[in-house]
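Asks: Residue numbers (the numbering used here), protein chains in the order written: chain H, 3 to 424; chain Z, 124 to 410; chain D, 248 to 529.
Can you keep this structure in mind? I'll have questions shortly.
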Amino acid sequence: MDARDPRVTRRGFLTGAVAATVILEPARRTAAQPKAAITYWNGLTGADGKVMDELIDRFTAETGIRIEQQRLPWADLYAKLQVSVPAGEGPDLALIHTVEVPHFANDGVLEPIDDATVGGKGFRAEEYLPATWQGGVFQGKRYSLPLDVPQHLLYMNVKVLREAKLVGPDSRLKIPASRDELVTMAKQVAKGDTFGFAIGTVNPGKYTWGFHNLLWQNGANIFAPDLKRPAVMDPAALEVAEFWGALANQHKIAPPANANCRDAFTAGKLGYWIAGSWNFTGLREAKVEFAVAPVPRLFKHAVVWSMPHQYSFPKPKTADRAKREAAWTHIRWMTDHVAEWTLRAGQVSASRKAHGDPRIVGDPVLKTLLGQAGSWQVGQSTPKWVAAENVTRPVIDSVYTGQRPARAAMEDLAKQITALPD
Amino acid sequence: MRQTRTAYLFLAPGLALFVVFRVYPLLEGLRLSFTNARLGRAAVRYVGIANYTRLLEDTRFHVSLANTAFYTVASTLPVLVIPLVLALALNRGALRTVLRSVFFFPFTLSVVTVGLTWLWLLDPVVGPFNYYLRTAGLPARSWLADPATAMWAIIATTVWWVTGYYLVIYLAGLQDIPRELYEAAALDGASGWRSFRSITLPLLRPVLLFVVVTHIIGSFQLFGQVFVLTGGGPGDATRTVVQHLYEAAFQNFFQFGAASAMAWALFAVILLFSIFQFRLLRGHTEY
Amino acid sequence: MQRGLDVQRVALTAALLVLAALWLAPIVWVLVTSLKVTADIVRVPPEWIPWPATTAHYREVLFSSSRTARIGRAFLNSVVVGVGTTVLVLITSAMAAYPLARMRFPGRGLVFTVLVGSLMIPNAVVLVPQYVLVQQLGWLSTFQGLIVPEAATTFAFGVFLLRQFILGMPGELEDAARIDGANAWQVFWRVVLPLSQPVLAALGIFAFRSAWNDFLWPLIAVNKPEMFPLPVALALLRSAYSSESYGPIMAGAALSAVPLLVVFLVANRRIVEGVRLSGLKG
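Okay, here's the thing in structure tokens:
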């Protein structure tokens, strides 16, 4: 008899496990509901994400359309998007960066949007900043619609710079006007565990967006104008790479390659900081005393890195008109409410309508961001841009940490870009 | 005859699982390694050994292979010795159970949790580790971003993680050594060191070899720690083979053929190592 | 002489205690951080007392309306995958180990050799083809897509462990059952399994731990974020919050440790026994 008892418990255990599996099987009840529910992937993982949550709650309350949001860090989101679409598991709507459009379009991950539909939904080119509108087009076909323009900005830590006496006679913080000035001023700040200058939020060593920004300021780029040959061996690009390598090594002004620059800035251990516009609402929340200025001209041109967010439709397994309509309704709603998005998430809108809003013009940071519009530049429109960026990351990291001299590293990068598979 | 049928009926569910999800993928991987397979590519062609010859030119693959080998070799000694020393110290004594639990605890954490923990501890600017170093007048470094120390930091993290596991194994091995042997040695006037060298070590040899083999097979597949702690950086200083493979197949280019070739190249290396290990194992367990 | 020994012993114990404290410090630091209010987290010098304390980070990762952190959901996913894998491994390996230990049949040696040999196959080698297979089965982002391959990985080890154990069991009880008219299945179910309980428990914990902690396979086999198990959700939480604060990350890390900590405290002896069995007979 003794031997029977375990059998009973084991069977009970099994039944329980099976039951748990059945119950936890993702609920498919949503289909039964009258109003559409759509899945929406985005990488708004910072303070902007919370704003998006609230706006979407309001959207649902007003329209009855439910949005199942999934938020992944951008790099992971793109990798998952690429594998989930062929497997028929993609979302109904995805927010992506402009530079992702060419390769996703090329790989058949995104559905083209015809002009008639765009016009029919009331979206017009003349309402948008031209560069953001054009960013949704690849080889003559539209794949996405712009929402806003994340971009770089110079943050200055008031407490740190005051302590370093970097204050002008008018008691305003001194703003570097050139590379040499920046280095001199940052050296005045850097001592002990306090750093003078950083570019990038986390892991500044492999912050490709910062590296691109500097390349563009020097008139250089990743690819030559034919968008095939790498251009990272051009003297202008090498000059940037040299500067990149000197930041933490020769100049000793920048934090280590894996530092969290944002934390350092918040903790009062960083003076000048070029970083994304998405950081400023969080800094305000954390009550850090800071001032902002346009990205300084460190090389030949005062170019500002920017990368508009775009709404896109990943190819579904089977077309679902109701879901597509619901997604359009959401894009429309967000475009109409973009002033709030700008004010609270800190991202300047791609559509011009909100730019005159007195609340936006009255905000010193947003005003600075809008003032940079003439200097914006985006990545090159080639399907290889993102792949090239992925191989650039460890290469510039090795330059930043002083593992390799800039020239050798760029030579290697050029080789790797040439060898990228089609 | 009846028994054969019964036996295979018992084996059927497990063998089905094993054949479909272990054996078939293994062989399919070999086949894929000779093709240009890519995620979503419909027309897959055989390309002969092109994927393998390309590996010969892939300098980042060489770097990751060298890093993996370095990690494997450099981590073996601490993983072998630290738990052993602890086991010897803990073998007898009142606090054994409690302390064994303390050292074992990290092993219950997932590699991601371990990584996150150490990432925070080792944060170059605001992490406590560097702070205490500075307070003690020692040089602080950005351990994970310094090419000279990054791999060592990963090794240290791993040692912290797995020491408890090997400690328990060593303790079990030590318990199995008859006490009389030590008593006899003590009567003969042998010192502690002598009896360690002439009794403990030889009798522990199978356990030591188990630890080495387990650790080495695991080391060749190093991924999680690197993924969380360094992402393979600084530069490619901690990039490993599995990371290279993962990125080729699932992150950047979705090249299943090329990634399969990497997998089989890695497999070949492990196989060679294992054969070597078994030679050693067989040679030494017969005492 | 005696005094000298005592001093040595005290010194050794003290050294061990210090080392143990250092060993636990990282975990304490995780807990302390997870309980601090955000503004206190990034502080130099580090503060070891989380005061004022808050459970906000736990609430955020478990229940928050922010869709970034789905640790609560990931936790449930991991439980299902862990339990499912454990059950599947226990059933299949016990059933396979029994005939390998007790029956004579052609192919026995071959089957066993292949199984043991497969322990040498690194998981990374089957990663890509396994992904292709699971995709063809339509199992991506499903529980079975996580459980079945995970169980297949542990199966061979389970067979090996259980076979060794059954070989060491006295056969008389089985003989007695057979004389009473029990067939092979009844002997296995009523005699062999109950007697194997200690090793089944050890194997169960081993299987649960590896399924609970596995990272690489779920990282690629799950595309739908609501199906992520804990390690994947945590790793992504890291990148998601790196620009925000360590609070939610550390809360997530602490939560992920809970189930195995409980198992460990409840079944400490079993685990040690399990490690012992797996180690010494390996």
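All residues carry an ideal CB built from backbone N, CA and C; glycine is no exception.
When the Cα of A166 (chain Z) is compared with those of Z:A384, Z:G380, Z:L395, which residue comes out closest?
Replies: With distances taken between Cα atoms, A166 (chain Z) lies closest to Z:G380.
Asks: For P472 (chain D), return the contacting residues in chain H, with the cut-off set at a CB-CB distance below 7 angstroms.
Replies: Residues of chain H passing the Cβ test: Q72, L74.
Asks: Identify the continuous alpha helix (DSSP H) that holds L463 (chain D) and give its terminal residues.
Replies: Start and end: 463-468.
Asks: Please confirm if I300 (chain Z) has its CB atom under 9 angstroms from at least one CB of chain D.
Replies: For I300 (chain Z), the answer is no, since every Cβ of chain D falls outside 9 angstroms of its Cβ.
Asks: Going by DSSP in three states, H339 (chain H) sits in which element: helix, strand or coil?
Replies: H339 (chain H) falls in the coil class under three-state DSSP.
Asks: Determine whether the beta carbon atoms of I398 (chain H) and Y209 (chain H) lie at a separation below 9 angstroms.
Replies: Yes, these two residues count as a Cβ contact at 9 angstroms.
Asks: How about R128 (chain Z): is its C-beta nearer than 9 angstroms to some C-beta of chain H?
Replies: Chain H, which has no Cβ nearer than 9 angstroms to the Cβ of R128 (chain Z), makes this no.
Asks: Under 9 angstroms, Cβ to Cβ, is there at least one residue of chain D near I278 (chain Z)?
Replies: For I278 (chain Z), the answer is no, since every Cβ of chain D falls outside 9 angstroms of its Cβ.
Asks: Along the region 171-198 of chain Z, where does the CB come closer than 7 angstroms to a CB of chain H? Name the residues.
Replies: Here the close residues number zero.
Asks: By a C-beta neighbour count over all protein chains shown, 10 Å radius and 16 as the cutoff for buried, is H332 (chain H) buried or exposed?
Replies: Buried, because 16 or more other Cβ atoms sit within 10 Å of the Cβ of H332 (chain H).
Asks: Please report the straight-line C-alpha distance between R174 (chain H) and V284 (chain D), rounded to a whole angstrom.
Replies: Cα-Cα distance, rounded: 33 angstroms.
Asks: Buried or exposed for N430 (chain D), going by 16 or more other Cβ atoms inside 10 Å?
Replies: So N430 (chain D) counts as exposed.
Asks: Please work out which residues of its chain come closer than 7 angstroms, Cβ to Cβ, to G51 (chain H), disregarding the five sequence neighbours upstream and downstream, and give them in chain order.
Replies: Excluding sequence neighbours, G51 (chain H) sits near R73.
Asks: List the whole-angstrom C-beta distance separating R355 (chain D) from L347 (chain D), where the pair is believed to meet the contact cut-off of C-beta under 8 angstroms.
Replies: About 6 angstroms separates the two Cβ atoms, so the contact holds.
Asks: For A269 (chain H), which residues in chain D fall below 7 angstroms Cβ to Cβ?
Replies: Here the neighbours are V289, V291.
Asks: Kindly indicate which residue of H:S383, H:F225, H:T41, H:G364 has the alpha-carbon position closest to the one of G137 (chain H).
Replies: When only C-alpha atoms are compared, the closest one is H:S383.
Asks: Could you tell me which of Z:Y169, Z:R215, Z:L178, Z:Q126 sits nearest to A382 (chain Z), measuring between CA atoms?
Replies: Residue Z:L178 is the option with its Cα nearest to A382 (chain Z).
Asks: Applying the criterion that 16 or more other CB atoms from any shown protein chain within 10 Å of the CB defines a buried residue, is E540 (chain D) buried or exposed?
Replies: Here chain D comprises residues numbered 248 to 529, so residue 540 (chain D) is not present and cannot be evaluated.
Asks: Nearest CA to the CA of L297 (chain Z): which residue from Z:P206, Z:L242, Z:W283?
Replies: Among Z:P206, Z:L242, Z:W283, the Cα nearest to that of L297 (chain Z) belongs to Z:P206.
Asks: Who are the Cβ neighbours of T361 (chain Z) in its own chain at under 7 angstroms, not counting the five residues just before and after it?
Replies: Here the set comprises N190, A273, M274, I277, V349, T353, G355.
Asks: Using the Cβ count rule (16 or more neighbours within 10 Å means buried), how would you classify K386 (chain H)?
Replies: Classification for K386 (chain H): buried.
Asks: Compile a chain-ordered list of the residues in the region 381-409 of chain D whose CB is closer than 7 angstroms to at least one CB of chain H.
Replies: If the cut-off is 7 angstroms between Cβ atoms, the region 381-409 of chain D has Q382, L387, S388, F390 near chain H.
Asks: Put R30 (chain H) into one of helix, strand or coil per three-state DSSP.
Replies: With a pLDDT of 42 at R30 (chain H), under the threshold of 50, the predicted position of this residue should be treated as unreliable, and no value is reported.
Asks: To the nearest angstrom, how far is the alpha carbon of E70 (chain H) from that of V204 (chain H)?
Replies: Their Cα atoms are separated by approximately 28 angstroms.
Asks: Please list, in chain order, the residues of the region 229-257 of chain Z that have any C-beta partner in chain H closer than 7 angstroms.
Replies: Answer in chain order: D246, P247, V248, V249.
Asks: Any C-beta of chain Z sitting closer than 9 angstroms to the C-beta of T285 (chain D)?
Replies: Closer than 9 angstroms: no.
Asks: Taking the C-alpha atoms as reference points, what is the distance between P273 (chain D) and T280 (chain D)?
Replies: C-alpha separation (whole angstroms): 11 angstroms.
Asks: Report the residues of the region 352-371 of chain D with a CB closer than 9 angstroms to any CB of chain Z, ordered along the chain.
Replies: Hits within the stretch, in order: F352, P353, G354, R355, V358, V361, L362, S365, L366, M367, I368, P369, N370, A371.
Asks: What did DSSP end up calling F61 (chain H) once you bin it into helix, strand or coil?
Replies: Three-state DSSP puts F61 (chain H) in a helix.
Asks: Check whether chain D comes within 9 angstroms of E129 (chain H), counting only Cβ atoms and requiring the distance to be less than that.
Replies: By this cut-off, E129 (chain H) is not an interface position.
Asks: Taking the beta strand (DSSP E) that S146 (chain H) falls in, what are its first and last residues?
Replies: It spans 146-151 - the beta strand (DSSP E) in which S146 (chain H) sits, taken as one unbroken run.
Asks: May I ask you to list the residues that DSSP assigns as paired with K283 (chain D)?
Replies: Note: K283 (chain D) sits in a beta bridge opposite D:A300.
Asks: Is it a yes or a no for the region 278-285 of chain H touching the region 102-113 of chain H, going by three-plus beta-carbon pairs under 8 angstroms?
Replies: With a cut-off of 8 angstroms, the region 102-113 of chain H and the region 278-285 of chain H do not count as touching, because too few Cβ pairs lie within range.
Asks: For the region 178-219 of chain H, list the alpha helix (DSSP H) runs that are entirely contained and at least 4 residues long, ordered along the chain.
Replies: Fully enclosed alpha helix (DSSP H) runs of 4 or longer: 181-191, 210-219.
Asks: Leaving out the 5 sequence neighbours to the left and right, which residues in its chain are closer than 7 angstroms to S325 (chain D) when beta-carbon positions are compared?
Replies: Cβ within range, chain order: W459, P476, L477.
Asks: Can you look up E70 (chain H) in the DSSP assignment and give me helix, strand or coil?
Replies: It is a strand residue.
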